Structures are given as structure tokens and as C-alpha cells.
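Residue numbers (our numbering): 44 to 90. Glycine residues also receive a C-beta, built at the ideal position from the N, C-alpha and C atoms. Values in this document were obtained by computation on a predicted structure and should not be read as measured data.
What follows is the structure in C-alpha cells.
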């Protein structure tokens, strides 16, 4: 997602794939947080 923002800042041309790929990255990031949260919570509890 950071790369898409940087790319838009550099090339200053907009494609319909930019929001599509940003949305896909956002969905993956949200899923990874939801999936990894129990592991993080277990790690914090063990400290």
C-alpha cells in the first residue's frame, strides 16, 4: 500500500488498478491483523 502511494506521488498518473490493488492490500493487512492478534496477545501474556 505504501508503494502505491509513493508510485502515485512520483508518476502522478492514476490507473483503475491503483485503488484495486490498494484495496486488496488493505484486505490482506486487515486479515493478517485479525489472524495474528491471538499470537501477539499470547506473546504479551507470557512476558
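Please state the DSSP three-state secondary structure of residue i.
i	result
residue 59	coil
residue 70	helix
residue 87	helix
Quick test of your reading: residue i and residue j, contact by CB under 8 Å. State the CB separation rounded to the nearest angstrom.
i	j	result
residue 69	residue 44	6 Å
What is the rounded straight-line gap between the Cα of residue i and the Cα of residue j?
i	j	result
residue 51	residue 77	29 Å
residue 90	residue 79	17 Å
residue 49	residue 74	23 Å
residue 85	residue 54	43 Å
residue 65	residue 72	10 Å
residue 57	residue 67	17 Å
residue 62	residue 88	38 Å
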